[in-house]
Amino acid sequence: SIRLKIVVSVYRLGMHMVEVMYVSWRDVIDLCYKIAIDVANSGYEPNAIVAILRGGVVPALVLSDILGVEEFYAIRIKHWGIAKEVYTIPLVEQLPQRKLQGVKVLLVDEVADTGKTLVKAVEELKKLGALEVKTAVLHLKSSSIVIPDYYAVKLDKWVWIFYPWSLAETLFSLAYRELGNKANREDVIAVIEQLVETLDVEHYRREVIEMALKFYAKKQFK
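All the letters of the sequence shown, read from the start, carry residue numbers 8 to 229 under the numbering used here.
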């Protein structure tokens, strides 16, 4: 059996308490293994895997490897912006570059938060002719309007999930949420290092984050 570790850290951001769940690379692999086993046991044999960009790409790659599915496509639907900006209607920005007529699809994302992205993605894939679409996510939140066909962990309350492939984005989002968009560089790095220690973040390198800060400060936190 696969053991799944769920550790939620409570972190104070200004006057507010934010619950953050850090997911390590090892955790990600274990979560993907659980989903792969569930898919196999269900008897569903997808002809293609479609990842929802960007968060679904890593889980989708792992699942495609374990399930032996070579056809791999991506769909980009924007629902969440930087620092939890929310779009009322999910925006479709990219579709798979082929028709999916008669194809059985496994649609993969990292999390079902509101569930609206999954709903929209399924609609678009069926328009492309998919015979059947089943959905898989690592984490299912109670706030989701849909229950995916496969999920590794169900969360009973809303938490900020910190995935290892979004290291810079998550650290900067949390830091600027506390300090405001006009915070100086030194304060941002100080808050980030406090976060890294509190959440026991793996593979943190200060020089890499300092480099990334140049891009995030310029593009996203004006």
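For each residue, glycine too, the CB sits at the ideal point set by N, CA and C.
Between A119 and I84, the C-beta gap is not smaller than 8 Å, which leaves the two residues out of contact. If you draw a straight line from the Cα of E139 to the Cα of K123, it comes to about 19 Å. Remark: C-beta atoms of V112 and A81 do not approach each other more closely than 8 Å.
Of the other Cβ atoms in all chains shown, fewer than 16 fall within 10 Å of the Cβ of D163; this residue is therefore exposed.
Around the beta carbon of H210, a 10 Å sphere encloses fewer than 16 other beta carbons of the protein chains shown; the residue is thus reported as exposed.
In this structure, the alpha-carbon of F79 lies about 36 Å from that of R184. The beta-carbon separation of L38 and L145, rounded to 5 Å, stays under the 8 Å limit for a contact. At a Cβ-Cβ threshold of 8 Å, L68 and A43 do not count as neighbours. Secondary structure of I154 (DSSP, three-state): coil. Taking C-beta atoms as the reference points, V195 and A182 count as a pair closer than 8 Å.
Relative to S173, the option among V30, M24, P103 whose CA is nearest is V30.
If one requires a minimum length of 3 residues, the beta strand (DSSP E) runs lying completely within the segment 103 to 133 are 111 to 119, in chain order.
Annotation for K41: no beta strand (DSSP E) segment contains it, though the alpha helix (DSSP H) segment containing it runs 32 to 49. Between T177 and S150, the gap from beta carbon to beta carbon reaches 8 Å or more.
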